[in-house]
Amino acid sequence: MYGSDARFDPTIGMGDGAITGLYQWAPTQAHVDVHLPWIFKHGIDVQVGQMYGLMGAEGTPALARPFYTFNYASDYIVPFQTVGIVATMHLSKHVDWILGVDAGNSTTFGAAGNNNKPKGYFGFAFNHLLDGKLDIHAMGRFGPEGNNGRAVTSPDGWTSAGLGSDANHLMQYNGDIMATYHVNDKLSVTVDGTYLHDNATRDDVYGVTSYLAWDIKPWLTFNLRGEVFRDNTGGTVSEYASFMSYTHSLSNRPYPYYNAPPTTYGELTVGASYRPEFINKNLGLGKFTLRPEIRLDKSLNGTRPFNQAGTVQNPVVTNGTNNMLWFNCDAVWAF
Numbered sequence: 625m626y627g628s629d630a631r632f633d634p635t636i637g638m639g640d641g642a643i644t645g646l647y648q649w650a651p652t653q654a655h656v657d658v659h660l661p662w663i664f665k666h667g668i669d670v671q672v673g674q675m676y677g678l679m680g681a682e683g684t685p686a687l688a689r690p691f692y693t694f695n696y697a698s699d700y701i702v703p704f705q706t707v708g709i710v711a712t713m714h715l716s717k718h719v720d721w722i723l724g725v726d727a728g729n730s731t732t733f734g735a736a737g738n739n740n741k742p743k744g745y746f747g748f749a750f751n752h753l754l755d756g757k758l759d760i761h762a763m764g765r766f767g768p769e770g771n772n773g774r775a776v777t778s779p780d781g782w783t784s785a786g787l788g789s790d791a792n793h794l795m796q797y798n799g800d801i802m803a804t805y806h807v808n809d810k811l812s813v814t815v816d817g818t819y820l821h822d823n824a825t826r827d828d829v830y831g832v833t834s835y836l837a838w839d840i841k842p843w844l845t846f847n848l849r850g851e852v853f854r855d856n857t858g859g860t861v862s863e864y865a866s867f868m869s870y871t872h873s874l875s876n877r878p879y880p881y882y883n884a885p886p887t888t889y890g891e892l893t894v895g896a897s898y899r900p901e902f903i904n905k906n907l908g909l910g911k912f913t914l915r916p917e918i919r920l921d922k923s924l925n926g927t928r929p930f931n932q933a934g935t936v937q938n939p940v941v942t943n944g945t946n947n948m949l950w951f952n953c954d955a956v957w958a959f
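Residue numbers are given in the numbering used here: position 92 of the sequence shown equals residue 716, and the series is strictly consecutive.
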């Protein structure tokens with residue numbers, strides 16, 4: 625990946641910090657896939673290397689989600705990339721059992737790791753139930769994700785995320801359940817519930833997101849997303865306030881940030897995926913998609929976390945607005 629979004633998608637130990645401006649680069653996939661015809665009738669699929677995270681309804685690639693913007697759960701409480709091994713065991717035609725072990729969210733090994741303990745996935749996928757109308761994905765992730773270096777403070781007062789040796793045993797528990805029902809060949813409804821408990825930050829964060837996708841025409845899809853999301857301490861939903869803040873937060877270097885008091889967020893997004901025929905029939909390679917959207921975010925419990933920055937003396941924003949309206953559009957050429 626190259627661009628401004630790469631600032632928030634590094635993997636420590638894989639080129640992080642090579643470019644430090646607004647536009648950065650980040651490797652997002654580098655894995656070997658093997659199918660093993662063993663044990664189960666439909667075999668086992670194994671992936672080894674760097675992979676996208678397996679949780680949440682919205683993926684890193686642009687067309688792995690219905691909108692340009694992410695929902696809160698996919699932006700803040702599920703892993704982006706991991707480096708390790710994942711095995712998908714096909715127990716039957718409709719049921720997969722998924723196991724994985726890795727170095728941690730957006731980290732690798734040794735000095736580029738966050739601590740010396742493994743993390744991993746455990747889950748099941750139920751595919752094409754009810755005559756192909758229903759898919760269910762249930763995944764858990766467990767392990768310590770804190771950095772075991774000592775905390776470091778910069779001359780201007782910002783502190784790193786190091787926890788010392790306590791990071792080796794302060795567990796993080798992550799769960800995600802997603803169900804998609806295909807009403808017919810043009811209309812589908814998805815509900816995704818996500819939960820995170822972090823012993824390091826003593827925070828519980830959870831939310832439910834619902835989606836509706838309606839294929840009005842072969843070249844036009846209407847998308848609707850609604851979400852309610854709770855950050856119990858305000859410490860997880862954070863704004864990384866410099867080009868390198870997120871990378872530094874993962875690698876135990878001081879970083880500027882600001883966040884909110886304990887807040888219940890509501891989010892409603894309406895958009896469309898437009899695949900213009902007059903372009904695609906002449907494109908020759910791949911498909912072009914244009915995705916405009918309108919999004920409204922609102923604090924549902926009276927806090928005012930939007931459209932204001934914090935300071936090193938007080939990084940908790942209390943004097944912003946209680947809602948935020950966005951107009952977004954992206955263009956995707958997939959080939």
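Don't be surprised by glycine CBs; every beta carbon is placed ideally from N, CA and C.
Output the distance between the C-alpha atoms of residue 890 and residue 688, rounded to the nearest integer angstrom.
Each residue's Cα considered, the two are about 22 Å apart.
As an exercise, report each continuous alpha helix (DSSP H) stretch of at least 4 residues that is fully enclosed by the stretch 651-720, in chain order.
DSSP runs (the alpha helix (DSSP H)) wholly in the stretch 651-720: 696-700.
For residue 721, collect the residues of the same chain with a Cβ closer than 7 Å to its Cβ; drop the 5 residues on either side in sequence, then sort them by chain order.
713, 715 and 748.
If you measure between the beta carbons of residue 703 and residue 741, is that distance less than 7 Å?
Their beta carbons are not under 7 Å apart, which means residue 703 does not touch residue 741 by this criterion.
Looking at residue 836: is its Cβ nearer than 7 Å to the Cβ of residue 813?
It is a contact, given that the beta carbons lie within the stated cut-off.
If you draw a straight line from the C-alpha of residue 988 to the C-alpha of residue 853, how long is it?
Nothing can be reported for residue 988, as the shown portion of the chain is limited to 625 through 959.
Measuring only the C-alpha atoms, how far is residue 838 from residue 811?
Roughly 5 Å between the two C-alpha positions.
In terms of alpha-carbon separation, which member of 692, 678, 676 and 673 lies closest to residue 893?
The residue with the shortest Cα to Cα distance from residue 893 is 692.
Where does the unbroken beta strand (DSSP E) through residue 756 begin, and where does it stop?
Taken as a continuous stretch (DSSP letters only), residue 756 belongs to no beta strand (DSSP E), being part of the alpha helix (DSSP H) at 753-756.
Pairing CB atoms from the stretch 816-834 with CB atoms from the stretch 693-701, are three or more of them under 8 Å?
Result yes; three or more Cβ-Cβ pairs closer than 8 Å.
What does the alpha-carbon distance come out to for the pair residue 776 and residue 788?
Cα to Cα, residue 776 sits roughly 11 Å from residue 788.
How about residue 660 and residue 668: do their beta carbons lie closer than 7 Å?
Result yes, Cβ atoms of residue 660 and residue 668 sit closer than 7 Å.
Go to residue 872, then tell me how far its alpha helix (DSSP H) extends in each direction, as first and last residue.
First-last of the alpha helix (DSSP H) with residue 872: 869-874.
Would you kindly work out how many angstroms separate the C-alpha atoms of residue 947 and residue 883, rounded to a whole number?
Approximately 15 Å, taken between the alpha carbons.
Apply the 10 Å Cβ neighbour rule to residue 793 and answer buried if 16 or more other Cβ atoms are within range, or exposed otherwise.
It is exposed - the Cβ of residue 793 has fewer than 16 other Cβ atoms within 10 Å.
If distances are taken between C-alpha atoms only, which option among 808, 819 and 784 comes closest to residue 801?
Minimum Cα distance to residue 801 is reached at 819.
Among the candidates 760, 774 and 797, whose CA atom is the shortest distance from the CA of residue 805?
When each option's Cα is compared against that of residue 805, the closest is 760.
Going by DSSP, which residues form a beta bridge with residue 777?
Per DSSP, 783.
Please report the distance separating the alpha-carbon of residue 912 from that of residue 774.
Taking the straight line joining both Cα atoms gives about 48 Å.
From the DSSP output, read off the bridge partner residues of residue 891.
Partner(s): 851 and 921.
Flag this pair as yes or no: are the beta carbons of residue 707 and residue 732 separated by less than 7 Å?
Yes, they are a contact pair.
Would a C-beta distance cut-off of 7 Å place residue 899 and residue 843 closer than the cut-off?
Their beta carbons are under 7 Å apart, which means residue 899 touches residue 843 by this criterion.
If we count Cβ pairs, one from each stretch, closer than 8 Å, do we get three or more for the stretch 902-918 versus the stretch 930-938?
Verdict: no, contact absent.
Under the assumption that residue 880 contacts residue 866 (Cβ atoms under 8 Å), give the Cβ distance between them as a whole number of angstroms.
Confirmed, Cβ separation roughly 5 Å.
Count the other C-beta atoms from every protein chain shown that fall within 10 angstroms of the C-beta of residue 626, then say buried if there are 16 or more, exposed otherwise.
Exposed is the call here.
Kindly indicate which three-state DSSP category residue 834 falls into: helix, strand or coil?
Correct three-state label for residue 834: strand.
Could you pull the start and end residues of the beta strand (DSSP E) that residue 801 belongs to?
Element bounds for residue 801: 795-806.
Kindly give me the distance between the Cβ atoms of residue 868 and residue 644, rounded to whole angstroms, as I take these residues to be in contact under 8 Å.
Indeed they touch by this definition, with Cβ atoms about 6 Å apart.
In whole angstroms, what is the alpha-carbon distance linking residue 730 and residue 863?
So the alpha carbons of these two residues sit roughly 18 Å apart.
Can residue 791 and residue 739 be called in contact, C-beta distance under 7 Å?
Taking 7 Å as the Cβ cut-off, residue 791 and residue 739 qualify as a contacting pair.
For residue 630, is the classification buried or exposed, using 16 other Cβ atoms within 10 angstroms of its Cβ as the cut-off for buried?
Buried.
What is the DSSP secondary structure of residue 903, reduced to helix, strand or coil?
DSSP places residue 903 in helix when its eight states are reduced to three.
Tell me the residue span of the beta strand (DSSP E) that contains residue 862.
Unbroken beta strand (DSSP E) run through residue 862: 862-864.
Less than 6 Å between C-beta atoms, sequence neighbours within five positions excluded: which residues of the same chain meet that for residue 922?
Contacts found: 890 and 947.
So residue 860 and residue 647 are in contact, right, with Cβ under 8 Å, and what is the actual spacing, rounded?
About 27 Å; that fails the 8 Å criterion.
Tell me, please, which residues DSSP counts as bridged to residue 760.
BP columns for residue 760 point to 750 and 803.
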